[in-house]
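Notes for the one structure printed next.
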Amino acid sequence: MDEPEKVRGREDAASGHEAGGAEEAGDGFQLVIHGKKKKRAASGQDCRTAGSGFGAGAGPVRALTREKGDAPAPGAKAKVPCHDPSIPRPQDVYKIRVDNYKPFEHVWLERNEDGTRHVHPLENLPVEQFVVRNVPDREPVKPADLEDTPFTLVQDHKGLTELAKKLKSVTEFAISTRTEDFIVDTLKLRIYIGLYLQEPFKDPTKRKVMHGADRDIMWLQRDFHIYVCNLFDTGQASRVLQMERNNLEHLLLHFCGVTAKKEYQNADWRSRPLPDEMIKYAREDTHYLLYIYDLMRQALF
Numbered sequence: 001m002d003e004p005e006k007v008r009g010r011e012d013a014a015s016g017h018e019a020g021g022a023e024e025a026g027d028g029f030q031l032v033i034h035g036k037k038k039k040r041a042a043s044g045q046d047c048r049t050a051g052s053g054f055g056a057g058a059g060p061v062r063a064l065t066r067e068k069g070d071a072p073a074p075g076a077k078a079k080v081p082c083h084d085p086s087i088p089r090p091q092d093v094y095k096i097r098v099d100n101y102k103p104f105e106h107v108w109l110e111r112n113e114d115g116t117r118h119v120h121p122l123e124n125l126p127v128e129q130f131v132v133r134n135v136p137d138r139e140p141v142k143p144a145d146l147e148d149t150p151f152t153l154v155q156d157h158k159g160l161t162e163l164a165k166k167l168k169s170v171t172e173f174a175i176s177t178r179t180e181d182f183i184v185d186t187l188k189l190r191i192y193i194g195l196y197l198q199e200p201f202k203d204p205t206k207r208k209v210m211h212g213a214d215r216d217i218m219w220l221q222r223d224f225h226i227y228v229c230n231l232f233d234t235g236q237a238s239r240v241l242q243m244e245r246n247n248l249e250h251l252l253l254h255f256c257g258v259t260a261k262k263e264y265q266n267a268d269w270r271s272r273p274l275p276d277e278m279i280k281y282a283r284e285d286t287h288y289l290l291y292i293y294d295l296m297r298q299a300l301f
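Under the UniProt record's numbering, the first residue of the sequence shown is numbered 1, with each subsequent residue one higher.
Structure, rendered in structure tokens:
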């Protein structure tokens, strides 16, 4: 039995049951909030806010529907539905074992010599490795246009193998590298992602660039047992630099002259295949990050 199958077997044994089992509403869809069944709003209404997540510890889903006469103002951006009830649940399609009652547990790799306390993966690294002392004086590297940059949608083991190989070959990445963009299907490949990508993410010699990564760090640990070492967060850097606004939309416009379509941030990302506009939005989230990092690093040091 190969390693991925062992992982699936351990998840099956841990959960002991399939997610679901609740009776569906008359239209084939139901919403569960804190364990109570709620029938969804009529088709065509959109969500104001939504908390989402697949896997242990995922929060409750909240949905507020459009009020009567609440039409978009003339010239306003069209709202992107945050939930499409026609899309099958990923738990069912990809056989994802979900148990919201089981708390997240770290995968401990080793103990102290006396066996009394677990060792944090970063504890053995000297403090000096966490402090940037000699920042190389180099010119920012502006990325090629999105249309001129190779793009890979990772949907299988071969794609994960190639992605891991490319991330190990560079010194810094934001999932995008300096020359290529990647999008990973984290639903289809959920139980395999950690096996392939743990190494480059925990490697302290490689700089990872993210924006507003507080929750990303938590989700990577919870869902894939990926620990991030050597992180530059452009959101935190924007606060240190006291910029006018700290969101990625502002940084893209300020540094790159790119206007991001942030309405896709709360779109239903379970859609398959992903529409071109959503793929473009996802690429823009990481395509320019290394260049923004270059400019911020110059300003900070």
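By construction, the Cβ of each residue, glycine as well, lies at the ideal position given by its N, Cα and C atoms.
One or two residues paired with residue i in a DSSP bridge
{"i": "Met210", "result": "Asp233"}
{"i": "Ala174", "result": "Ser176"}
{"i": "Thr152", "result": "Phe182"}
Reference residue i; option with closest CA among the options
{"i": "Lys202", "options": "His157, His211, Gln221", "result": "Gln221"}
{"i": "Leu197", "options": "Thr149, Val228, Arg215, Thr205", "result": "Val228"}
{"i": "residue 342", "options": "Pro275, Lys188, Arg297", "result": "Nothing in the structure corresponds to residue 342, since the chain is present only between 1 and 301."}
{"i": "Arg215", "options": "Ile226, Thr205, Glu249", "result": "Ile226"}
{"i": "Val93", "options": "Leu167, Lys208, Arg272, Cys82", "result": "Arg272"}
{"i": "His157", "options": "Tyr288, Phe104, Phe224, Ile193", "result": "Ile193"}
{"i": "Phe151", "options": "Ser176, Arg138, Thr161", "result": "Ser176"}
{"i": "Leu195", "options": "Asn100, Leu160, Ala213", "result": "Leu160"}
{"i": "Leu241", "options": "Phe104, Leu189, Leu295", "result": "Leu295"}
{"i": "Asp185", "options": "Leu153, Ile96, His211, Leu163", "result": "Leu153"}
{"i": "Leu251", "options": "Leu290, Val141, Leu163, Lys95", "result": "Leu290"}
{"i": "Glu199", "options": "His83, Glu277, Ala164, Thr259", "result": "Ala164"}
{"i": "Lys166", "options": "Pro88, Lys206, Asp99, Gly257", "result": "Lys206"}
{"i": "Arg190", "options": "Asp114, Cys82, Val98, Val141", "result": "Val98"}
{"i": "Ala144", "options": "Val258, Val127, Gln155, Lys79", "result": "Val258"}
{"i": "Asp276", "options": "Met243, Asp114, Leu146, Asn100", "result": "Leu146"}
{"i": "Gln236", "options": "Trp219, Leu253, Ala213", "result": "Ala213"}
{"i": "Leu274", "options": "Pro140, Trp219, Gln155, Glu244", "result": "Gln155"}
Integer-rounded CB distance, given that residue j should sit under 8 Å from residue i
{"i": "Phe255", "j": "Ile292", "result": "5 Å"}
{"i": "Pro85", "j": "Leu187", "result": "The pair is not a contact, with the Cβ atoms about 17 Å apart (cut-off 8 Å)."}
{"i": "Leu125", "j": "Pro204", "result": "6 Å"}
{"i": "Val209", "j": "Phe232", "result": "5 Å"}
{"i": "Ser238", "j": "Asn246", "result": "4 Å"}
{"i": "His287", "j": "Leu248", "result": "Not a contact, Cβ separation roughly 12 Å."}
{"i": "Ile87", "j": "Arg270", "result": "5 Å"}
{"i": "Pro81", "j": "Asp268", "result": "6 Å"}
- [ ] List in chain order: all unbroken alpha helix (DSSP H) runs of 4+ residues lying wholly within the stretch 224-273.
- [x] 234-240, 248-251
Open item on the list: Can you confirm whether the stretch 283-299 touches the stretch 164-171 when touching is taken to mean that 3 or more C-beta pairs between the two stretches lie within less than 8 Å?
Closed with: With the cut-off at 8 Å, the stretch 164-171 and the stretch 283-299 do not touch.
Open item on the list: I'd like to know if the stretch 177-186 and the stretch 256-265 are in contact, where contact means that at least 3 CB-CB pairs between them fall below 8 Å.
Closed with: no
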